[in-house]
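Enquirer:
2 protein chains.
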Amino acid sequence: MILGIDVGGTSAKFGIVHPDGTIKHAKRFMTAEWVDGDGFVASMTKEIGNFLKEFPSIKGVGIGWPGLISLDRKRVVLLPNIPSVKDCPIVDILKSEFPHIVFRIENDAKCAALGEYYFGKNRKNTFALLTLGTGVGGGIVLNGKLFIGGRGNATEVGHMIMSNGITLENQVGIQHLISYTKKRLLDDKGITSSLHEEEELSPKVIRDHAAKGDVLALDIFKHIGRILGEGAVNIIRVVDVNTILLGGGISGAIEFFLPEMKATIEKWLPAYYTENLYIGQASLENDAGLLGAAGLIMED
Amino acid sequence: MILGIDVGGTSAKFGIVHPDGTIKHAKRFMTAEWVDGDGFVASMTKEIGNFLKEFPSIKGVGIGWPGLISLDRKRVVLLPNIPSVKDCPIVDILKSEFPHIVFRIENDAKCAALGEYYFGKNRKNTFALLTLGTGVGGGIVLNGKLFIGGRGNATEVGHMIMSNGITLENQVGIQHLISYTKKRLLDDKGITSSLHEEEELSPKVIRDHAAKGDVLALDIFKHIGRILGEGAVNIIRVVDVNTILLGGGISGAIEFFLPEMKATIEKWLPAYYTENLYIGQASLENDAGLLGAAGLIMED
Chain A
25 MILGIDVGGT SAKFGIVHPD GTIKHAKRFM TAEWVDGDGF VASMTKEIGN FLKEFPSIKG
85 VGIGWPGLIS LDRKRVVLLP NIPSVKDCPI VDILKSEFPH IVFRIENDAK CAALGEYYFG
145 KNRKNTFALL TLGTGVGGGI VLNGKLFIGG RGNATEVGHM IMSNGITLEN QVGIQHLISY
205 TKKRLLDDKG ITSSLHEEEE LSPKVIRDHA AKGDVLALDI FKHIGRILGE GAVNIIRVVD
265 VNTILLGGGI SGAIEFFLPE MKATIEKWLP AYYTENLYIG QASLENDAGL LGAAGLIMED
Chain B
25 MILGIDVGGT SAKFGIVHPD GTIKHAKRFM TAEWVDGDGF VASMTKEIGN FLKEFPSIKG
85 VGIGWPGLIS LDRKRVVLLP NIPSVKDCPI VDILKSEFPH IVFRIENDAK CAALGEYYFG
145 KNRKNTFALL TLGTGVGGGI VLNGKLFIGG RGNATEVGHM IMSNGITLEN QVGIQHLISY
205 TKKRLLDDKG ITSSLHEEEE LSPKVIRDHA AKGDVLALDI FKHIGRILGE GAVNIIRVVD
265 VNTILLGGGI SGAIEFFLPE MKATIEKWLP AYYTENLYIG QASLENDAGL LGAAGLIMED
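Heads up: the protein sequence lines correspond to chains A and B, in order. Counting the first sequence from 1 gives a position; our numbering is that position plus 24. Counting the second sequence from 1 gives a position; our numbering is that position plus 24.
1. In chain B, what lies closer than 8 Å to LEU92 of chain A by C-beta?
2. Buried or exposed for ALA287 of chain B, please, with buried defined as at least 16 other CB atoms from any protein chain shown within 10 angstroms of its CB.
3. With ARG128 of chain A as the anchor, note down where its beta strand (DSSP E) starts and where it stops.
4. Below 8 Å on C-beta distance, what does ILE259 of chain B contact in chain A?
5. Report all residues from its chain with a CB closer than 8 Å to the CB of LEU170 of chain B; omit the five preceding and five following residues, and keep chain order.
6. Look at ALA56 of chain B and PHE38 of chain B and say whether their C-beta atoms are less than 8 Å apart.
7. Quick one: list the residues of chain A neighbouring ASN74 of chain B, beta-carbon separation under 9 Å, in chain order.
8. By the three-class DSSP mapping on this structure, what secondary structure does HIS233 of chain B have?
9. To be precise: take each residue of the stretch 155 to 186 of chain B, compare its Cβ to all Cβ atoms of chain A, and keep it if any distance is under 9 Å. Which residues remain?
10. Give the C-beta separation of LEU102 of chain A and TYR296 of chain B to the nearest angstrom, bearing in mind that I take them to be a contact with Cβ-Cβ under 8 Å.
11. For the stretch 94 to 121 of chain A, list every residue whose C-beta sits within 9 Å of some C-beta in chain B, in sequence order.
12. Taking Cβ-Cβ distances shorter than 8 Å, what residues in chain B pair up with GLY189 of chain A?
13. Got a sec: is the Cβ-Cβ distance from GLU254 of chain B to anything in chain A below 8 Å?
14. Report the rounded CA-to-CA distance for TYR204 of chain B versus ILE244 of chain B, giving the unit in angstroms.
15. Against VAL196 of chain A, what residues of chain B qualify as contacts under a CB-to-CB distance less than 9 Å, listed in chain order?
16. In the DSSP assignment, find the unbroken alpha helix (DSSP H) run with ILE260 of chain A in it and report its ends.
17. Just the Cα atoms here: how many angstroms apart are LYS213 of chain A and LEU219 of chain A?
18. Which first and last residues belong to the beta strand (DSSP E) in which MET15 of chain A is found?
19. Any beta carbon from chain B within less than 8 Å of ASN146 of chain A's own beta carbon?
20. Tell me which residues share the same chain as ASP116 of chain A and place their Cβ nearer than 8 Å to its Cβ, disregarding the 5 neighbours each side in the sequence.
21. In the DSSP assignment, find the unbroken beta strand (DSSP E) run with ASP30 of chain A in it and report its ends.
22. Could you give the first and the last residue of the continuous alpha helix (DSSP H) run that contains LYS206 of chain A?
23. Skipping 5 residues on each side, what residues in its chain have a beta carbon closer than 7 Å to that of ALA28 of chain A?
24. Please identify the residue among A:PRO104, A:GLY253, A:GLY176, A:VAL126 whose C-alpha is closest to the C-alpha of VAL263 of chain B.
25. So does the stretch 226 to 244 of chain B actually touch the stretch 300 to 307 of chain B, counting three or more Cβ pairs closer than 8 Å?
26. List, in order along the chain, the chain B residues whose C-beta lies closer than 7 Å to that of THR205 of chain A?
27. Given that a residue counts as buried once 16 or more other Cβ atoms are within 10 Å of its Cβ, and exposed if not, what is GLU180 of chain A?
28. So the candidates are A:ASN105, A:LEU269, A:GLY45; which of them puts its Cα closest to the Cα of VAL59 of chain A?
29. Between VAL257 of chain B and PRO80 of chain B, what straight-line distance do the alpha-carbon atoms span, to the nearest angstrom?
30. Helix, strand or coil, according to DSSP, for HIS42 of chain B in the structure here?
31. Can you give me the C-alpha to C-alpha distance between ASP30 of chain B and MET68 of chain A, rounded to a whole angstrom?
32. How should ASN74 of chain B be labelled, buried or exposed, when 16 other C-beta atoms within 10 angstroms of its C-beta is the threshold for buried?
33. Closest to GLY237 of chain A by CA distance: which of A:LEU252, A:ARG250, A:SER217 is it?
34. Check for me: the beta strand (DSSP E) holding LYS51 of chain B runs from which residue to which?
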């Protein structure tokens, strides 16, 4: 039995992950309460203890973190959302508390890629996963092995510089997409777009207008497609994958940005890279990180 | 004893590589003569046979190719400069001719990185090598292992798209540097640059003027530094290395472009990546490829 934990900026999700990819006994804890209470690490240790007591057949615990991990995968080096967990030897701490349990830690975006690898609908041995949320994260699996790079924190693809001098994340991240849409609406002097009627913008709202044929909404996704295409080109040139999976909020609009994304890739890459290129939606949505954290234990 | 072979667009260099990194009995064959004669592969096979006869203690032959290599490292998939060597099962061909010899093949830029890894002055376990020549090639070693990516042809870093919508190679490659310099000279209406006096431009000529304090030449290297800095940022984000080695013609001007390259990197990357970042010249120059080809045999 495996316990998967997905640490996020606002909450930490626990769940027992079965080999078929179902999550049982899921529980959610608010990060701020832990930090303000006994401290994040002490609170997490206590809740892990509760799970181990309730489910004595748990053999391993995998934990995904939204931050930097040491090359030896024993320490959380930096956790921007929970600054107190900095340079924390979390694996040794947990191991000393629960000596018979296997503990593994990994970056959360890399966990999401592992989740797709072990439990996704469209399993591939070699692929890059881009999670398009508030931030843009990346996880890459190469021939069945999670790629962590030379010092352990590779595939931070959201921070690549794109062709207009702005990073991928600062254009495709949800807030940036909304800012860009507002700017485009201000420029839309003819007031032709039905998006003007919306009080609150979100990827879903913009997508709904694109689905109704709104020209501005369609053009915004064309812009997103071009940026994602350029990002894919750079990723493919550096790590040579021919499957790109897209997860997170904006990926739901894939039908509207995929044509331009593909056209951009075709423009920049020769046949070797594009011949069998597959770009599609990731299948696990919000559970990818927790499932992938459990996957860390399956990796052994 | 190891025979290293460095196949180039115009010539193929052979040499016996000693464990201390010296090359003995070097020989050079013109590619065009091989192609026009018995064909490239037959001619190469014959010359390998001659070497094996002359030096019976050769146990392995490593060959670097300026093209794409199959993931199983047995076939040359594509060789733009020698189109007849396409999808050629070169390792099986050589093995059937010389069954007792170990044959290994690799991309030439990756060989250059292996050369630096085994024989360079400033050996590191984890680094990216950029070769700044007519083209811009890349080879990356991660924790002592050459990185070939998911499908075998990773680290084509010269073809990443930079912040002005042009690839790294199409700005930093020698011909592009010269074109850029000519354009800047045309714009230099005040005729203040001493570069106007030169009949023929080359990286060395531009560097010499920069060394004399020519403002335009210095500004050109500043431009190069910014582009290389952006390239380094994207590479570092994707593969997480903290050593960048620069080889090839333009790397001789490193003192003039390094400050801007570093400033660009500092602008885009947080402390984790920059704290112990080292950027320096590669040490092997033109022999890197041949030495690295021999390194393929040492890898076992």
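We put the CB at the ideal spot given by N, CA and C, even for glycine.
Expert: Answer, in terms of the structure:
1. TYR296
2. exposed
3. In the DSSP annotation of this structure, the continuous segment of the beta strand (DSSP E) that includes ARG128 of chain A starts and ends at 126 to 131.
4. VAL262
5. The residues are GLU130, LYS134, ALA137, LEU138, TYR141, GLY163, ILE164, GLU323.
6. The answer is no: Cβ separation not under 8 Å.
7. Near ASN74 of chain B there are no residues of chain A at all, since even the closest Cβ is about 34 Å away, more than 9 Å.
8. helix
9. GLY162, ILE164, VAL165, LEU166, ASN167, PHE171, ILE172, GLY173, GLY174, ARG175, GLY176, ASN177, ALA178, THR179, GLU180, VAL181, GLY182, HIS183, MET184, ILE185, MET186
10. 6 Å
11. LEU95, VAL101, LEU102
12. SER187, ASN188
13. yes
14. 8 Å
15. Those within 9 Å of VAL196 of chain A in chain B number zero; the least Cβ separation is about 15 Å.
16. 239 to 263
17. 13 Å
18. No answer is possible for residue 15 of chain A: the residues shown for chain A start at 25 and end at 324.
19. no
20. LYS98
21. DSSP places ASP30 of chain A inside the beta strand (DSSP E), whose first and last residues are 26 to 31.
22. 198 to 211
23. In the sequence under discussion, the amino acid at residue 28 of chain A is Gly, which differs from the Ala named in the question. The residues are GLY39, VAL41, GLY86, LEU314, LEU315, ALA317, ALA318.
24. A:GLY176
25. Counting Cβ pairs under 8 Å, fewer than three are found: no touch.
26. Those do not exist, as THR205 of chain A stays about 23 Å from chain B at its closest Cβ, beyond 7 Å.
27. buried
28. A:ASN105
29. The alpha-carbon atoms of VAL257 of chain B and PRO80 of chain B are separated by roughly 47 Å.
30. Three-state result, HIS42 of chain B: coil.
31. 56 Å
32. exposed
33. A:SER217
34. 47 to 54
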